[in-house]
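These protein sequence lines are chains A and B, in that order. Per the working numbering, the very first residue in the first sequence carries number 2; after that it's consecutive. Per the working numbering, the very first residue in the second sequence carries number 5; after that it's consecutive. Below is one structure, written out as structure tokens, with a few remarks after it.
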Amino acid sequence: MPNLKDLKNRIASVKSTRKITKAMQMVAAAKLRRAQEAAEASRPYTERFNAVLGGLAASVGTSDGAPLLLRGTGDDKVHLLVVMTSERGLCGGFNTNIVKLAKQHAQKLLAEGKSVKILTVGKKGREQMKRDFQSNLVAHVDLSEVKTLGYDNAKDIATDLLARFEAGEYDVATIFYSAFQSVISQIPTALQVIPASYDAPEGDAGGASADYDYEPDQDQILADLLPRGVATQIFAALLENGASEQGARMSAMDNATRNAGDMIDDLTVEFNRSRQAVITNELIEIISGAEAL
Amino acid sequence: MADTMQFDLVSPERNLASMQVASVQIPGADGQMTAMPNHAPVITTLRPGVLAVSGPEGDVSYAVTGGFAEINPEGLSVLAEKAIPLADAKAADLEPVVAAAKEAAATASAENRDMAELLLADLEELLQKMV
């Protein structure tokens with residue numbers, strides 16, 4: 002039976018753990034709100050951008066004259082997987098889920114005899130991908146110094162991707178991130194960014210875009226916009242990921258706080274019982290001592 | 005004829021402006037153009053430059069580094085990669101962009117050099133206007 006002193010120390014240590022997880026939960030809640038606002042603020046840009054690009058892409062089609070970014074290299078031998086994860090842990094299954102999806106994807110491609118290159122964004126994903134795919138890792142983007150995610154971060158990643166694409170290092174690029182559904186549900190998602198697929202705007206919007214004059218001409222605009230489109234998609238994914246990370250952390254820390262509470266209750270009951278036992282023991286000793294006299 | 009139109013200036017990070025305006029001067033890829041209400045539908049890319057908005061609520065100028073504008077009779081939306089109100093713009097904000105453009109111009113292949121140098125020249129002109 003653990004002695005009273007030990008139990009007391011345990012309770013004290015679990016209590017301070019609970020304080021920490023509670024604080025982390027609140028910090029995550031505040032950060033989540035900010036991340037969601039950022040994701041919301043970027044939505045008008047992304048939506049309009051995709052609408053315009055969709056209209057343009059639909060009119061150019063996948064003919065031979067279309068830019069490589071749109072129709073692809075015509076090959077799909079080399080795949081680049083961009084795995085976006087967080088820089089910090091303690092966020093439940095967030096990183097594991099993304100990595101699991103990426104690994105499945107990678108294994109499927111390898112089984113089909115294709116080669117796979119992996120670019121990681123965020124420290125946690127790199128650590129996990131390293132275990133199975135060390136030889137496939139080609140680059141890593143470190144965002145640990147970044148306090149607020151800006152478009153520039155996305156642009157840097159996109160520039161890197163495009164440079165590699167132009168150098169012919171890969172044929173297809175897919176990004177892996179977590180789509181934010183709610184605090185308790187984040188869905189790991191794979192999105193192919195190169196060659197990009199844009200949906201033509203539905204209904205009359207598609208008809209309207211055909212009437213636009215283009216300055217300079219359509220092809221040049223498309224060539225100008227497609228690289229930006231990659232950056233926009235990466236930026237949107239980064240923001241979603243940020244919100245998902247905080248959401249996952251919030252629910253993980255909420256669970257931890259609750260578990261710590263349960264543990265404290267159990268330990269307190271045990272502590273009281275042992276104290277009672279000690280008192281009873283002492284009483285018996287005193288009484289039997291008195292009787293012996 | 006309507007004398008104002010809807011104007012939206014959006015950057016990836018936030019919505020910068022959404023208001024009724026009388027006219028907007030756009031640094032288009034093929035030259036400066038002014039959009040007024042009932043303009044024919046045009047989509048144009050932007051060069052780095054100054055976006056001058058004039059409307060009933062006064063005139064505002066924004067420094068933009070690139071992006072594109074979608075004009076239709078009802079209004080126009082400008083999707084700028086980076087846009088700063090000219091009054092608050094500091095040269096420091098643009099320095100990284102200019103530095104990147106300089107590097108790109110220096111390393112560009114022969115066919116892209118003209119474009120890269122043009123971009124750099126535009127940026128430097130914009131910088132001049134800001135100081």
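We put the beta carbon where it would ideally sit given N, CA and C, even for glycine.
Using only CA atoms, which one of B:K133, B:K94, B:E17 and B:D126 lies nearest to A:E48? Nearest C-alpha to A:E48: B:E17.
The region 143–151 of chain A touching the region 162–182 of chain A, judged by at least three CB pairs closer than 8 Å: No, the region 143–151 of chain A is not in contact with the region 162–182 of chain A.
Spatial distance of A:F50 from A:K131 (CA atoms): Using only the alpha carbons, I get a separation of about 36 Å.
Counting only beta-carbon atoms, is B:F11 nearer than 9 Å to chain A? Not closer than 9 Å to any Cβ of chain A, the Cβ of B:F11 fails to qualify, so no.
For A:I195 and A:Y178, what's the separation of their Cα atoms in angstroms? Cα to Cα, A:I195 sits roughly 16 Å from A:Y178.
Looking only at its own chain, which residues have a Cβ that is under 7 Å from the Cβ of A:A209, when we skip the five neighbours before and after it? Because A:A209 sits at a pLDDT of 45, beneath the cut-off of 50, its placement in the model cannot be relied upon, and the point is left open.
So that I know if they touch, is there some Cβ in chain B lying closer than 9 Å to that of A:Q221? Using beta-carbon distances, A:Q221 counts as an interface residue toward chain B, with a partner under 9 Å.
If you follow the alpha helix (DSSP H) that A:P228 is in, where does it begin and where does it stop? Note, A:P228: alpha helix (DSSP H), Q219 to A293.
Quick one: using the 10 Å Cβ neighbour count with 16 as the cut-off for buried, is A:G290 buried or exposed? Label assigned to A:G290: exposed.
Using beta carbons (cut-off 9 Å, strictly below), is B:R185 in contact with chain A? The structure shown does not extend to residue 185 of chain B, since chain B spans only 5 to 135, so no value can be given for it.
Around the Cβ of A:S183, are there at least 16 other Cβ atoms within 10 angstroms (buried) or fewer (exposed)? A:S183 comes out exposed.
Determine whether the beta carbon atoms of B:P31 and B:L13 lie at a separation below 9 Å. No, they are not a contact pair.
Short CB-CB distance (under 9 Å) between B:A44 and chain A: Put simply, the CB of B:A44 is near chain A, with a gap under 9 Å to one of its CB atoms.
Pick helix, strand or coil for B:M119, following the three-state DSSP scheme. Judged by DSSP in its simplified three-state form, B:M119 adopts helix.
Below 9 Å between beta carbons: does that hold for A:G349 and A:N98? Only positions 2 to 294 of chain A appear in this structure, which leaves residue 349 of chain A out of reach.
Under 9 Å, Cβ to Cβ, is there at least one residue of chain B near A:L226? Closer than 9 Å: yes.
Interface flag, B:L83 vs chain A, CB-CB below 9 Å: At a cut-off of 9 Å between beta carbons, B:L83 contacts chain A.
B:V68 - partner residues in DSSP beta bridges: Answer by DSSP bridge pairing, in chain order: B:G53 and B:A87.
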